[in-house]
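Enquirer:
Residue numbers (my numbering), protein chains in the order written: chain A, 239 to 551; chain V, 2 to 271.
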């Protein structure tokens, strides 16, 4: 059997730091194929690598050329990277295309990276939200509609195509070296927004722990929906203090003021889709993932924030 | 500077009690609801002079409080500011038998109030949601619930010590989590903040349950708290009618404890 006919794992979003960590953990144990919509990932000459939009016809060629039997779908266009319409096309319709190919080419292990943002930041949120809680984000901000729709889509496939063994992971804030999300940018900077009078509780997971979590879920292949978060919590103002960030006060009331300020200023660290996350806590219960996959994060919040503190020295 | 003022205001005896009532917190001292032992010390220290000198609180039955593990504390609610809750929390936090850092359920508007929302969370109060209550009981916490809610705090002075309707939710939670119920009767808070009426239209306009017609400050009444013996209700497939009967057993017990308190005091102010 040629190398191309051996079973392979397709990893999307491979240009990102998280995917690269996952690749380094799976390399040697599995045949890996990587793809990214932004640029051709440079992972190593022995790993087939593609720059490809999921909606292009040529995307199917990856499935035809390589014997893809597992998919780790980490690729996503973030709310600040494009318009809502483009994000919807790529994140929702693109994922639908990917899942259709998974069905067609008989993939048996499908892991989708979602986010805890889908629960939405609401004043009435209880703490330790479990996986069966309603996804309120789309009702709070239009900017997270694609994230919720992506989840709904995956749930339909999870139910209709159990042979895909779909695992959906909803991690808390992923942070650490190389991570390119809003929270990581915010903590890396010297100044960070603070809604006056509010300091919601938050959870953070280090990029290496998250990579371990993805690999653990992939290798055990137990389909379902899982929150991924440590049993450790910290208030936002404490996070800023530990990360060495100065607070930039933003008026919190009336509620329309911070949203208007976010829109007018276009401040990258204070995007509209996260305004309510700076106000109300979204604390998730990661115990199901912990028990199912015997997962325990290695990095403490103090270690996570010391990285950002040291960046400023 | 802020920290120095804070430190100066914290009472060493309160600090000792809170440190002796450990909670399941993360590596930075927070729990999922925002409780922080460090931040809880200040509000409790500020309650101390009110407890000792203004309301001269007398507590009976502290030995009935389980030293550890889940327990649902159910009391009568009165006065349009939560003086009863504050006094009971202080009494249990400084319990000479075994201090407990009690969690209390607060109204749903609290998280939306700047500074106050986070402050009450840090002191141990939590958004009044059944899921929060369930998770905390499962985590071995002592949780304080006033099942009368605003029906208790919003009643007029003429209805003092007449228990209002209790919701059944607390009993379902106690049975589901196998938590004993600790009945508590509180006397004195009814007269401290008497309510003689309600600015109904204004309250409606502001979307508030009521705006009391009464004193703008509390009177220094004598507060007496009686804590009863734990009541255990086995979980089972009960109808709502049967649950209501069990709720009435708790209510009757609280009524008895209120009666004790009324007999124990020599007058409203002594």
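Glycine included, every Cβ here is placed at the ideal spot set by N, Cα and C.
With a floor of 4 residues, list each alpha helix (DSSP H) that falls wholly inside the region 112 to 140 of chain V, ordered by position along the chain.
Expert: 117 to 124 and 131 to 139
Enquirer: How is residue 79/V classed by DSSP in three states: helix, strand or coil?
Expert: Stepping through the second chain from its first residue, residue 79/V is reached at position 78. Three-state DSSP puts residue 79/V in coil, outside helix and strand.
Enquirer: Between the region 430 to 445 of chain A and chain V, which residues of the former have CB atoms less than 9 Å from a CB of the latter, in chain order?
Expert: 433, 434, 435, 436, 437, 438, 439 and 441
Enquirer: Where do the N-terminal and C-terminal ends of the alpha helix (DSSP H) with residue 501/A fall, by residue?
Expert: The residue labelled residue 501/A in the question sits at position 263 within the first chain. Here the alpha helix (DSSP H) through residue 501/A covers 494 to 503.
Enquirer: Which residues in the same chain as residue 149/V place their Cβ atom closer than 6 Å to its Cβ, once the five residues preceding and following it in sequence are excluded?
Expert: Taking the second chain and counting its residues from 1, one reaches residue 149/V at position 148. Excluding residues within five positions, the ones whose Cβ falls inside 6 Å are 78 and 165.
Enquirer: Identify each residue in the region 3 to 14 of chain V for which the Cβ-Cβ distance to at least one residue of chain A is less than 7 Å, and report them in chain order.
Expert: none
Enquirer: Measure from the C-beta of residue 472/A to each C-beta in chain V and report whether the shortest distance is under 8 Å.
Expert: Numbered from its first residue, the first chain carries residue 472/A at position 234. So yes, residue 472/A belongs to the interface.
Enquirer: Mind pulling the chain A residues with CB within less than 7 Å of residue 32/V?
Expert: Residue mapping note: residue 32/V aligns to position 31 of the second chain, counting from 1. Simply 471.
Enquirer: Give every residue of the same chain whose Cβ lies closer than 6 Å to the Cβ of residue 98/V, excluding the five residues on either side of it in the sequence, and list them in chain order.
Expert: The count along the second chain starts at 1 and reaches residue 98/V at position 97. Around residue 98/V: 63 and 64.
Enquirer: Taking the beta strand (DSSP E) that residue 274/A belongs to, which residues open and close that run?
Expert: Indexing the first chain from 1 puts residue 274/A at position 36. From DSSP, the beta strand (DSSP E) with residue 274/A extends over 269 to 274.
Enquirer: For chain V, check one thing: does any of its Cβ atoms lie closer than 8 Å to the Cβ of residue 265/A?
Expert: In the first chain, the residue the question calls residue 265/A occupies position 27. Cβ-Cβ to chain V under 8 Å: no for residue 265/A.
Enquirer: Would you mind working out which of 204/V, 195/V, 10/V and 91/V sits nearest residue 217/V, comparing C-alpha positions?
Expert: As a working mapping, residue 217/V is identified with position 216 in the second chain. Comparing Cα positions, the closest option is 195/V.
Enquirer: Helix, strand or coil for residue 95/V, going by three-state DSSP, please let me know.
Expert: As a position in the second chain, residue 95/V is number 94, starting the count at 1. Here residue 95/V sits in coil by DSSP.
Enquirer: According to the Cβ coordinates, are residue 19/V and residue 45/V closer than 8 Å?
Expert: The count along the second chain starts at 1 and reaches residue 19/V at position 18. The count along the second chain starts at 1 and reaches residue 45/V at position 44. For residue 19/V and residue 45/V, yes; Cβs fall inside 8 Å.
Enquirer: I want to see whether chain V comes within less than 8 Å of residue 344/A, judged by CB atoms only; does it?
Expert: Here residue 344/A is taken as the residue at index 106 of the first chain, counted from 1. Chain V contact via Cβ: absent.
Enquirer: Please report the straight-line C-alpha distance between residue 537/A and residue 477/A, rounded to a whole angstrom.
Expert: Residue numbering aside, residue 537/A sits at position 299 when the first chain is read from its first letter. Residue numbering aside, residue 477/A sits at position 239 when the first chain is read from its first letter. Roughly 15 Å separates the two Cα atoms.
Enquirer: Write down the C-beta distance between residue 120/V and residue 226/V rounded to the nearest angstrom, noting that I regard them as a contact closer than 8 Å.
Expert: For the purposes of this step, residue 120/V is taken as residue 119 along the second chain, with counting starting at 1. For the purposes of this step, residue 226/V is taken as residue 225 along the second chain, with counting starting at 1. Actually they do not touch by this definition, with Cβ atoms about 24 Å apart.
Enquirer: With a threshold of 8 Å between beta carbons, is residue 547/A in contact with chain V?
Expert: Within the first chain, numbered from 1, the residue matching residue 547/A stands at position 309. Cβ-Cβ to chain V under 8 Å: no for residue 547/A.
Enquirer: For a test of the three-state rule: what should DSSP assign to residue 531/A, helix, strand or coil?
Expert: Taking the first chain and counting its residues from 1, the one referred to as residue 531/A is at position 293. The DSSP-derived three-state label of residue 531/A is helix.
Enquirer: What residues from chain A crowd round residue 133/V, counting only those whose CB sits closer than 9 Å?
Expert: Position 132 of the second chain, counted from the first residue, corresponds to residue 133/V. Near residue 133/V (Cβ distances below 9 Å), the residues of chain A are 364, 365 and 366.
Enquirer: Tell me where the alpha helix (DSSP H) around residue 475/A begins and ends.
Expert: Position 237 of the first chain holds residue 475/A. Start and end: 474 to 480.
Enquirer: Under 6 Å Cβ to Cβ from residue 277/A, same chain only, skipping five residues before and after it: list those, please.
Expert: As a working note, residue 277/A is residue 39 in the first chain. Excluding sequence neighbours, residue 277/A sits near 253 and 289.
Enquirer: Give the straight-line distance between the Cα atoms of residue 2/V and residue 221/V, rounded to the nearest whole angstrom.
Expert: Taking the second chain and counting its residues from 1, one reaches residue 2/V at position 1. Taking the second chain and counting its residues from 1, one reaches residue 221/V at position 220. Note on residue 2/V: pLDDT 47, under 50, position unreliable in the model; the coordinate value appears next. If I take the Cα positions, the gap works out to 33 Å.
Enquirer: Go through its chain and collect everything with a Cβ distance to residue 291/A's Cβ below 8 Å, but skip five positions before and after it.
Expert: Translated into positions along the first chain, residue 291/A becomes position 53. Contacts found: 275, 297, 328 and 332.
Enquirer: Listing by chain order, which chain A residues have their CB less than 9 Å from the CB of residue 44/V?
Expert: Residue numbering aside, residue 44/V sits at position 43 when the second chain is read from its first letter. None at all; the shortest Cβ gap to chain A is about 16 Å.
Enquirer: How about residue 401/A and residue 307/A: do their beta carbons lie closer than 8 Å?
Expert: For the purposes of this step, residue 401/A is identified with residue 163 of the first chain, where counting begins at 1. For the purposes of this step, residue 307/A is identified with residue 69 of the first chain, where counting begins at 1. Not closer than 8 Å, so no.
Enquirer: Taking 8 Å as the cut-off, decide whether the C-beta atoms of residue 423/A and residue 542/A are in contact.
Expert: By 1-based counting over the first chain, the position of residue 423/A is 185. By 1-based counting over the first chain, the position of residue 542/A is 304. No. Outside cutoff.
Enquirer: Residues of chain A with CB under 7 Å from residue 116/V, in chain order?
Expert: Position 115 of the second chain, counting from 1, holds the residue named residue 116/V. Within 7 Å Cβ-Cβ: 435.
Enquirer: Looking at C-alpha atoms only, which residue of 251/V, 252/V and 224/V is the closest neighbour of residue 54/V?
Expert: The sequence position of residue 54/V within the second chain is 53, counting from 1. For residue 54/V, the nearest C-alpha among the options comes from 224/V.
Enquirer: Listing by chain order, which chain V residues have their CB less than 9 Å from the CB of residue 503/A?
Expert: Sequence index remark: in the first chain, residue 503/A carries index 265 (1-based). Residues of chain V passing the Cβ test: none, with the nearest at roughly 21 Å.
Enquirer: Would you kindly work out how many angstroms separate the C-alpha atoms of residue 267/V and residue 212/V, rounded to a whole number?
Expert: For the purposes of this step, residue 267/V is taken as residue 266 along the second chain, with counting starting at 1. For the purposes of this step, residue 212/V is taken as residue 211 along the second chain, with counting starting at 1. Cα to Cα, residue 267/V sits roughly 31 Å from residue 212/V.
Enquirer: In chain order, what residues of the same chain have a beta carbon less than 7 Å from the beta carbon of residue 152/V, not counting five sequence neighbours either side?
Expert: One-based indexing of the second chain puts residue 152/V at position 151. Excluding residues within five positions, the ones whose Cβ falls inside 7 Å are 165 and 166.
Enquirer: Taking only beta-carbon positions, decide if residue 128/V is within less than 8 Å of chain B.
Expert: The structure shown has no chain B; the protein chains it does contain are A and V.
Enquirer: So, helix, strand or coil for residue 328/A, using DSSP?
Expert: Position 90 of the first chain, counted from the start, is the residue given in the question as residue 328/A. Helix at residue 328/A.
Enquirer: Mind checking whether the beta-carbon of residue 293/A lies closer than 7 Å to any heavy atom of the ligand COA?
Expert: The ligand COA is not part of this structure, which contains no ligands at all.
Enquirer: In chain V, which residues lie with their C-beta within 7 Å of the C-beta of residue 518/A?
Expert: Position 280 of the first chain, counted from the first residue, corresponds to residue 518/A. Here the neighbours are 112.
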